[in-house]
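K.L.:
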Amino acid sequence: MGNSIGQIADAMGVSYKTIANNCTRIRGKLGLADVKELARHAVERRFRGTGFG
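Take a look at the structure:
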């Protein structure tokens, strides 16, 4: 569906853990169970990323 957490971290020049922590915080705020739900949520709302790949 998209890039892995590791790929995103590399592209942004931050650690894997930074991206993983941010995903966890966002999922918590949105009440989403896992990364698949987070990705689906973004796609359904037509989120446009910055084109990491």
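So the sequence shown is numbered by the working numbering: it starts at -13 and just counts up by one. Don't be surprised by glycine CBs; every beta carbon is placed ideally from N, CA and C. Note that this is a predicted model, so its numbers are computed, not measured.
Would residue -12 and residue 2 be called neighbours here (beta carbons separated by less than 8 Å)?
P.N.:
No; because the gap between Cβ atoms is not below 8 Å, this pair is not in contact.
K.L.:
Roughly how many whole angstroms lie between the Cα atoms of residue 22 and residue -2?
P.N.:
Approximately 21 Å between the Cα atoms of the pair.
K.L.:
Could you give the DSSP three-state label for residue 7: helix, strand or coil?
P.N.:
In this structure, residue 7 counts as helix in the three-state DSSP scheme.
K.L.:
Cβ-heavy atom distance between residue 0 and the ligand SAH below 7 Å?
P.N.:
Of ligands this structure carries none, so the ligand SAH is not represented either.
K.L.:
Can you tell me the Cβ-Cβ gap for residue -6 and residue 5, rounded? I've got them flagged as a contact below 8 Å.
P.N.:
Residue -6 to residue 5, Cβ: 5 Å. Contact.
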